[in-house]
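Written out below as structure tokens is the structure these notes cover.
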Amino acid sequence: MNKQHQQWLIWGSIGLFLISLILYVCFQPNEGHPQLQSPNFSNLLGTDQRGRDFLVRLIIGSGVTLSLTACVVYLSVTIGLIMGLTSAMLGRWVDKAFMFIADMLLAIPSFIIALVVLSFLSDSVFGLVFALTIGWVGRYLRYFRNLARDLQKRPFVQFAVLSGYSKFQTTMTHMMPHMIRNIFALVTADFGKMMLSISGLAFLGLGLKPPTPELGTILFDGKSYFNTAPWLFFYPGLLLGGYALICQLLNKKYVQTMK
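Residue numbering for the sequence shown follows numbering that gives the first Met the number 0, starting at 0 and increasing by one per position.
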């Protein structure tokens, strides 16, 4: 079996697994089961304290967590990229002002910034996304600014400026294509960390609240039943760790292909 067939086999297996999970959610009743029932053939991962199928709840919770993480990553990277490119293009006082903002945000851990911002906002999806975006945008701002400044020293960029291209045209047509790979590498590296931050805030009682099936809130609910129903605490934690590990493995594989 050659490498291409192996890849098709892997992606086909993943696709079948995801389809089976979707079908399980569609056809498995979520409520009406005995409470705190251990894993069995009827409920593959047991039930929770309200008689809800725990596998269904984990699947829906995974979708909520991954969607929120993708939203925060997208906003943080987009805002950081725009500000970083603007800082590199304009320079002077604009560069100093943006780097001062980045230094202030980087001086405090992003998780602490999110805690402070959430203390002034309502515990909602908007508040959670906004708080984490503020906490992470400083990292991307400095990274993309430094990357753009390095690219500005390349001969092909300098020749583009001498050819009559404006700073904006040079950035969009000559610098951005060379930054795409770095953006994907950074996203795959930080996706798992961002997901753990979202679930960590939910576990502390900030951000999303029950009964929203986010993995952090599910983990928070399960800690009260650690002795009587350990699967309520074990499986969400295992799932979060598995997602973070997959993101790191994807990042490692992607970085290797860049070399």
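Beta carbons are placed, not taken as given, at the ideal position from N, Cα and C, and that holds for glycine.
Per DSSP, which residues does residue i bridge with? Please list them.
i, result
"Thr46", "Asp52"
Might you give, ordered along the chain, the residues of its own chain that have their beta carbon closer than 8 angstroms to the beta carbon of residue i, omitting 5 neighbours on each side?
i, result
"Phe155", "His173"
"Thr269", "This structure leaves residue 269 out entirely; the chain is present only between 0 and 258."
"Leu65", "Met194, Tyr242"
Once you ignore the five residues that flank residue i on each side, which residues in its own chain have a CB closer than 7 angstroms to its CB?
i, result
"Ala201", "Leu207, Glu213, Gly215, Thr216, Phe219"
"Lys222", "Phe232"
"Leu20", "Ile58"
Taking the alpha helix (DSSP H) that residue i belongs to, which residues open and close that run?
i, result
"His177", "175 to 202"
"Lys222", "Note, Lys222: premise wrong, no alpha helix (DSSP H); not H, not E."
"Asn145", "124 to 151"
"Lys40", "In the sequence under discussion, the amino acid at residue 40 is Phe, which differs from the Lys named in the question. Element bounds for Phe40: n/a, residue is neither H nor E."
"Ala112", "The residue you asked about is not Ala; residue 112 is Ile in the sequence shown. 109 to 119 is the span of the alpha helix (DSSP H), which, as asked, contains Ile112."
"Leu207", "Premise fails: Leu207 is in no alpha helix (DSSP H) and is neither H nor E."
"Met98", "91 to 106"
"Gln168", "166 to 169"
Just mark residue i as buried or exposed, buried being the case when its beta carbon has 16 or more other beta carbons within 10 Å.
i, result
"Trp92", "exposed"
"Thr68", "buried"
"Trp10", "exposed"
"Arg256", "Going by the sequence as given, residue 256 is Thr instead of Arg. So Thr256 counts as exposed."
"Ser61", "buried"
"Met171", "exposed"
"Arg56", "buried"
"Asn39", "exposed"
"Ile13", "exposed"
"Ser109", "buried"
"Tyr73", "exposed"
"Gly79", "buried"
"Ile112", "buried"
"Trp230", "buried"
"Ser198", "buried"
"Gly163", "exposed"
"Trp135", "buried"
"Gly115", "Correcting the residue type first, residue 115 is Val in the shown sequence and not Gly. Label assigned to Val115: exposed."
Near residue i, what residues of its chain come up, given a Cβ to Cβ distance below 6 angstroms and the 5 sequence neighbours on each side ignored?
i, result
"Val76", "Tyr139"
Establish whether the CB of residue i and some CB of chain D are separated by less than 9 angstroms.
i, result
"Arg51", "Here there is only one protein chain, and chain D is not present."
*Flag this pair as touching only if the segment 93 to 100 and the segment 133 to 146 have three or more C-beta atom pairs under 8 angstroms; answer yes or no.*
yes
*Count the CB pairs spanning the segment 83 to 92 and the segment 238 to 251 that are closer than 8 angstroms, and state whether there are at least three.*
no
*Please confirm if the segment 184 to 193 is in contact with the segment 28 to 43, defined as three or more CB-CB distances below 8 angstroms between the two stretches.*
no
*How about the segment 102 to 119 and the segment 128 to 141: do they share at least three Cβ pairs that are nearer than 8 angstroms?*
yes
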